[in-house]
Amino acid sequence: MTAFRALLFRELRLALRGGGDMLTLVLFFVIVGAVVPFAVGPDRELLARIAPGIVWIAAFLAMLLGLDRLFRPDHEDGSLILLRQAELPLSMVIVAKLIVHWLVSAVPLIIASPLLAVLLSMEGDALWRTIVSLLLGTPALAAFGAVGAAVTVSIRRGGLIAPILIAPLSIPVLIFGTGSITATQSSAAMLFLAALSLMALALSPFAAALAISSAED
Amino acid sequence: MTPWHPFAPLTLRATGLSWGRGGMALGEEVSFSVTAGQCLLLRGPNGTGKTTLLLTLAGIVAPLEGAFAIEGADEEQSLLHYCGHRNAIKPRLTVGENLSFWAEVNGPTGIATTAALDEVGLGHLADLDAGYLSAGQSRRLALARLLVSHRPLWLLDEPTAALDSEGHALVTRLIDRHLDQGGFAIAATHDPITLPDLSRMETLVLGGQT
Chain A
1 MTAFRALLFR ELRLALRGGG DMLTLVLFFV IVGAVVPFAV GPDRELLARI APGIVWIAAF
61 LAMLLGLDRL FRPDHEDGSL ILLRQAELPL SMVIVAKLIV HWLVSAVPLI IASPLLAVLL
121 SMEGDALWRT IVSLLLGTPA LAAFGAVGAA VTVSIRRGGL IAPILIAPLS IPVLIFGTGS
181 ITATQSSAAM LFLAALSLMA LALSPFAAAL AISSAED
Chain B
218 MTPWHPFAPL TLRATGLSWG RGGMALGEEV SFSVTAGQCL LLRGPNGTGK TTLLLTLAGI
278 VAPLEGAFAI EGADEEQSLL HYCGHRNAIK PRLTVGENLS FWAEVNGPTG IATTAALDEV
338 GLGHLADLDA GYLSAGQSRR LALARLLVSH RPLWLLDEPT AALDSEGHAL VTRLIDRHLD
398 QGGFAIAATH DPITLPDLSR METLVLGGQT
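As they're listed, the protein sequences go chains A and B.
The first sequence finishes on residue 217 if you use this note's numbering, and the numbering steps up by one all the way, no holes.
The second sequence finishes on residue 427 if you use this note's numbering, and the numbering steps up by one all the way, no holes.
Rendered as structure tokens:
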């Protein structure tokens, strides 16, 4: 347990001391959403209708952006090899990294999402549903992302390949994510979203650990 | 501070071991054994598979043929330290934070982090951002990691790389003390490491003129 906690704190420290990265993700998220009104024109009704989709696309893209620093720095400086001799299994190492990855790349987006909702002229009720759906769905995006990042960790410039690998996996998250913001059947979609997240979180550490241990071979 | 304690007598035995990368064998099969209190030096020109052999023994690369085992060991324990080319040091964390992270992750069973930093000559730099360390200082920090967690087998890949002559003496001293405590080590090196007691050293030459 001390090993797990040490890993959590180390990842958090590294993320917070490189604070610029976190701000970049949030700005990227807001900007992707903010350019849409310029592209589709200032039609408030149209905007309100497509806003859930835009929020989720922006969140999806912003989370892809942070994927490359999940395992690559540790792979490059040799930490990843050493972590395999640690007092905790590699899958637990990945769980710790995944938790911190979600905290530093998804939570800031969720906090910034009301700003985006205002820019896209969402109503008050939809705003709450946006926050809840992001809370429920981003763990799945992070978990799928971890698998993609693990598979591509030994490939130079693999950072560009990981998003292509995980895009198909993320489609259900986007479908139920936007579904839980639009009013009809939103609670059913939220349950699906939560189920997706739980499943992804339970399975991805093992998949990612397998990918990393075969990457060196 | 946890006191040093001797290890149970262990033996690493490899029989007919063939290793390589991507299915291509590097060199011919070897058989060797290293017991507690011994240091095996791997010598040989570049590209003869010294690093890959160490990675194989560390369980990171699967052997192509043959097998190796550490005899007399408790299965559950992590038995080895691997110290590779890359020092696994994070910039943005201080020297002390880097070391105590590895101490906690590998189990703080060795000497205290401050004592380990003093030992490798970095005691006065504990609060410095590790990104500012020179190549030799980074190497010293990597060596300090071997001291804070107590493990019987050291796999050292060019432990003296980037170190000054005092650093060479440090490596020799650390290995010698490790053997005293019943540990054992396998080191791939181009610089000759000479322990005070020559009977403890063995040399395995890889890729010799066949």
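Cβ atoms here follow ideal geometry from the backbone N, Cα and C, with glycine treated the same way.
In three-state terms, what does DSSP make of residue i?
i	result
B:GLY237	strand
A:VAL36	helix
B:ASP374	strand
A:ILE31	helix
B:PHE249	strand
B:GLY283	strand
B:THR389	helix
B:THR219	Bear in mind that a pLDDT of 43 at B:THR219, under 50, signals an unreliable position, so the model cannot answer this.
A:LEU90	helix
B:ASP408	coil
B:ASP188	A query on residue 188 of chain B cannot be resolved here, the shown segment of chain B reaching from 218 to 427 and no further.
A:GLU216	coil
B:THR326	coil
B:THR265	coil
B:ALA231	strand
B:ILE277	coil
A:ALA51	helix
A:ALA208	helix
B:ALA379	coil
A:ALA106	coil
B:GLN426	Because B:GLN426 carries a pLDDT of 46, less than 50, the predicted location of this residue cannot be relied on, and no value is offered for it.
B:ALA290	coil
Note the first and the last residue of the continuous beta strand (DSSP E) segment covering residue i.
i	result
B:VAL337	Looking at the DSSP string, B:VAL337 is not in any beta strand (DSSP E), and its letter there is neither H nor E.
B:HIS298	297 to 300
B:THR420	418 to 422
B:PHE224	That residue, B:PHE224, is in no beta strand (DSSP E); it is neither H nor E in DSSP.
B:LEU259	256 to 260
Any beta carbon from chain A within less than 8 angstroms of residue i's own beta carbon?
i	result
B:LEU257	no
B:ILE328	no
B:ARG260	no
B:ILE277	yes
B:LEU297	yes
B:GLY301	yes
B:PHE190	Since the first and last residues shown for chain B are 218 and 427, residue 190 of chain B lies out of range.
B:LEU430	What is shown of chain B runs 218 to 427, which leaves residue 430 of chain B out entirely.
B:ILE306	yes
B:THR219	A caution first: B:THR219 carries a pLDDT of 43, below 50, which makes its placement in the model unreliable, though a value can still be read off. Chain A, which has no Cβ nearer than 8 angstroms to the Cβ of B:THR219, makes this no.
B:ASN263	no
B:VAL251	no
Alpha helix (DSSP H) containing residue i: first to last residue?
i	result
B:THR311	Careful: B:THR311 lies outside any alpha helix (DSSP H) and carries neither H nor E.
A:GLU11	2 to 17
B:ILE306	B:ILE306 -> no alpha helix (DSSP H), and no H or E assigned at all.
B:PRO413	Premise fails: B:PRO413 is in no alpha helix (DSSP H) and is neither H nor E.
B:ARG368	Note, B:ARG368: premise wrong, no alpha helix (DSSP H); not H, not E.
A:PRO73	68 to 76
A:SER79	79 to 83
Please list, in chain order, the chain B residues whose beta carbon lies closer than 8 angstroms to that of residue i.
i	result
A:ASP21	Simply none; closest approach about 11 angstroms.
A:ASP77	ARG303, ASN304, ALA305, ILE306 and LYS307
A:GLU216	LEU272, ILE277 and VAL278
A:ARG10	LYS307, LEU310, GLU314 and PHE318
Taking 8 angstroms as the CB-CB limit, is residue i close to chain B?
i	result
A:ALA96	no
A:THR24	no
A:ALA211	no
A:SER91	no
A:THR2	yes
A:LEU70	no
A:ARG84	yes
A:LEU14	yes
A:ILE166	no
A:ARG17	yes
List the residues of chain A whose Cβ lies closer than 8 angstroms to the Cβ of residue i, in chain order.
i	result
B:LEU334	Chain A residues near B:LEU334: none, gap ~17 angstroms exceeds 8 angstroms.
B:VAL322	ALA3, ALA6, LEU7, LEU83, ALA86, GLU87 and LEU88
Taking 7 angstroms as the cut-off, is the CB of residue i close to at least one heavy atom of the ligand PLP?
i	result
A:ILE110	Although the ligand PLP was asked about, the structure shown includes no ligands whatsoever.
So which residues of chain B does residue i contact, with C-beta pairs closer than 9 angstroms?
i	result
A:ARG156	Those within 9 angstroms of A:ARG156 in chain B number zero; the least Cβ separation is about 16 angstroms.
A:GLY66	What A:GLY66 touches in chain B: nothing, since even the nearest Cβ is about 16 angstroms away.
Listing by chain order, which chain A residues have their CB less than 7 angstroms from the CB of residue i?
i	result
B:GLU282	Ordered by position in chain A, no residue passes the 7 angstroms Cβ test against B:GLU282, which lies about 15 angstroms from the chain.
**Report entry** Completely contained alpha helix (DSSP H) runs for the segment 112 to 189 of chain A, where each covers 4 or more residues
**Finding:** Runs of the alpha helix (DSSP H) inside the segment 112 to 189 of chain A: 124 to 151 and 161 to 179.
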